[in-house]
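Protein sequence lines, in the order shown, are assigned to chains D and S. With the first sequence counted from 1, adding 58 to any position gets you the numbering used here. With the second sequence counted from 1, adding 1 to any position gets you the numbering used here. Using N, Cα and C, we set each Cβ at its ideal position, and we do this for glycine too. Working notes, structure below.
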Amino acid sequence: DPNMKGAAANEGVLANFFNSLLSKKTGSP
Amino acid sequence: SAVIEKTREFFQICDTEGKGFITRRDMQRLNGELPLSADELENVFDTLDADANGYLTFEEFSSGFSEFMFGPGGT
């Protein structure tokens with residue numbers, strides 16, 4: 059189902075986004 | 002409260018001008034700062050902007066973040 063695939067892709071991108079914010083914050087002194 | 006604090010910090014990273022909302026341009030500006038492509042950042046904005054009005058409010062941002070942290074309908 060393309061919708062399911064799209065939703066899963068969105069979730070992946072959101073996870074990437076928030077994970078990179080988390081590592082950006084913890085990375086700073 | 003730690004999650005709310007973290008959410009506020011992330012929101013401020015995106016809303017550098019302190020407008021109280023995030024625009025598509027704000028997301029594009031993160032292209033150099035975060036390891037995501039312009040398309041992925043556009044996708045993040047569209048996914049979080051629940052009412053699709055072009056302005057990502059703190060409420061929309063935090064509901065997306067809590068869903069990321071706790072899963073759908075996470076408390």
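- [ ] Return the chain-ordered ranges of every alpha helix (DSSP H) run that is complete within the region 23-65 of chain S and spans a minimum of 4 residues.
- [x] 25-30 and 39-49
Open item on the list: If I follow the unbroken alpha helix (DSSP H) through K20 (chain S), where does it start and stop?
Closed with: Unbroken run through K20 (chain S): none, as it is neither H nor E.
TODO: Run down chain D in chain order and give the residues with a C-beta less than 8 Å from the C-beta of T48 (chain S).
DONE: N68, V71 and L72
- [ ] Note down, in chain order, every chain D residue with its Cβ under 7 Å from the Cβ of D65 (chain S).
- [x] Residue 65 (chain S) is actually Gly in this sequence, not Asp. Within 7 Å Cβ-Cβ: L72.
TODO: Compare the C-alpha of E61 (chain S) against each of S:F71, S:M70, S:T8 and S:D50 and name the closest.
DONE: S:D50
Task: Chain-ordered residues of the region 11-39 of chain S with a beta carbon less than 8 Å from chain D - done: F11, I14, E34, L35, P36 and L37
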